[in-house]
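Numbering (mature numbering (1 follows the signal peptide of the UniProt record, and there is no 0)), first residue to last: -21 to -1, 1 to 412. We put the CB at the ideal spot given by N, CA and C, even for glycine.
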């Protein structure tokens, strides 16, 4: 091996190990958050060998980088986006940054039929940003303050966005209101040690013995919420802790002096809680559910499930019956399309594997991809393996096909808005500004 090859191999091994390692163990020292983002950025630029990120996660990573011209937060990212998606975006510096960002949002929505970029929006009243940017368009010119949830809750299931763009300022989306924010706790700081103090202050009094509205204890719900649902029971074949172990570690954490950094570093679940909670607010809904809300959350805000958006979204109604996007949230009771389909049967549980929902039925074997609440597929449609069907957008995971028309879809035809309405699901339109 040549010396240059040896150095390259060492560089690849170092990057690969740094990215593959649990990142939450390295977030206590000053500047380490930025250092980790740099490592992820380099790994993304290295191409598909590490298979690190989806196209939306690449935009998230590049958002943390600086550039002189805000246009280049998009145009500079074209080289790392899927070729077919990048071809839909033509650099045009005669447009304003507002137009570039809005056009990019609409382009990705049209190409993917998904509102994944809506989860990147965070409303900060009075903060500087791109002038005139609608709240439903992410402000890619500045880094976001919170860790992305990346649709971990599958709030809308395998649905497509039902959205209209009637004018430049408005995006009309369809979904359901889950509940209203009754209270929003203090926003957690960004320094990890201060976040941990805030978590202790957030914990409801008597949480270990108080029953929770969704079952179990308030302490169970509190721990699950701060983890953003990232527990082994939910994430198949993961290195995450089971909920019981995470709860036990959190109870041990209460006894630790917060200047004992070594002890805290060993607490994997508590470190994850700190990362998830940074710059977020613990919200309580009027029905008693709790969640991790965006930093701008206020009492009276609406927590919604929107078709084609796998994060719960916090919206704020305005006087003209339009809504501003406050940001994404995690509410455990909204997971797995429960807002649209109701709870899963008692004999069924969900496991997330490779960003797909699997439904495990304890009583009978079967296709674990099939949601028992949906019933059979329409006669014209059948499931197909991702990658098995030709698509003009190969970066999307095609899951359904109509053999007669050769139409291929990412979304489940049973989760279309008309199909849900036919099942008796009441849907509402939310005009976003």
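The distance from the Cβ of residue 36 to that of residue 129 is about 7 Å, consistent with a contact at the 8 Å cut-off. Per DSSP, reduced to three states, the secondary structure at residue 305 is strand. Taking 9 Å as the cut-off, the Cβ atoms of residue 359 and residue 313 do not count as close.
Annotation: the continuous alpha helix (DSSP H) that includes residue 51 extends over 51 to 54.
If you draw a straight line from the Cα of residue 215 to the Cα of residue 319, it is about 24 Å long. Restricted to the stretch 328 to 407, the alpha helix (DSSP H) segments that are unbroken, complete and at least 4 residues in length are 396 to 401, listed in chain order. According to DSSP, residue 154 shares a beta bridge with 285 and 407. Secondary structure at residue 317: helix, using DSSP grouped into helix, strand and coil. Counting only runs that start and end inside the stretch 190 to 268, the beta strand (DSSP E) elements of at least 3 residues fall at 260 to 264.
The beta carbon of residue 353 is closer than 6 Å to those of 393 in its chain, skipping five residues each way along the sequence. Around the beta-carbon of residue 169, fewer than 16 other beta-carbon atoms lie within 10 Å, marking it exposed. Note on the stretch 64 to 102: whole alpha helix (DSSP H) runs with a minimum of 4 residues are 76 to 91, in chain order.
Taking all protein chains in view, the Cβ of residue 229 is crowded by 16 or more other Cβ atoms within 10 Å, so the residue is classified as buried. Under a 10 Å Cβ-count criterion, residue 333 is classified as exposed, with fewer than 16 other Cβ atoms of the shown protein chains found around its own Cβ. Measuring C-alpha to C-alpha distances from residue 103 to each of 135, 95, 295 and 173 identifies 295 as the nearest.
According to the DSSP assignment, residue 37 belongs to the alpha helix (DSSP H) that extends over 34 to 42. In the three-state reduction of the DSSP assignment, residue 58 falls in the helix class.
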